[in-house]
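Numbering (my numbering), first residue to last: 125 to 233.
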């Protein structure tokens, strides 16, 4: 199947892109209202939605979107679920949940 070149690449982030990118990724703590780490099942289901990122209240969120990157490269392979979180300080975060935990990939301004 031929892909329309005017369309975004599948799995790419839509505009606007994060103003700040974290390299390496920054570990963050994402918890539910009870203070328990938010988990995502194999099909992207969440028993409890995110309520806190580190110590800031989550007031809005979108996702999860499955991520499977660099499957062919064992050193760079990454799988998980990506989210956008908005905290009570009006900071928008791009975060990834993987088997290693929660990671901040970037922040919007």
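Idealized CB from N, CA, C, for every residue including glycine. Small disclaimer: the values here were computed from a predicted structure and weren't measured.
Sub-8 angstroms separation of residue i and residue j beta-carbons
i	j	result
residue 191	residue 200	no
residue 228	residue 150	yes
Where residue i sits in the DSSP three-state scheme
i	result
residue 163	coil
residue 208	strand
residue 190	strand
residue 196	coil
residue 130	coil
residue 216	strand
Cα-Cα separation between residue i and residue j, rounded to whole angstroms
i	j	result
residue 144	residue 231	5 angstroms
residue 161	residue 196	30 angstroms
residue 213	residue 175	14 angstroms
residue 156	residue 139	28 angstroms
residue 126	residue 168	28 angstroms
Residue i: first and last residue of the uninterrupted beta strand (DSSP E) it sits in
i	result
residue 142	Unbroken run through residue 142: none, as it is neither H nor E.
residue 229	225 to 232
Residue i burial status per 10 Å Cβ neighbour count (16 or more: buried)
i	result
residue 141	exposed
residue 194	exposed
residue 188	buried
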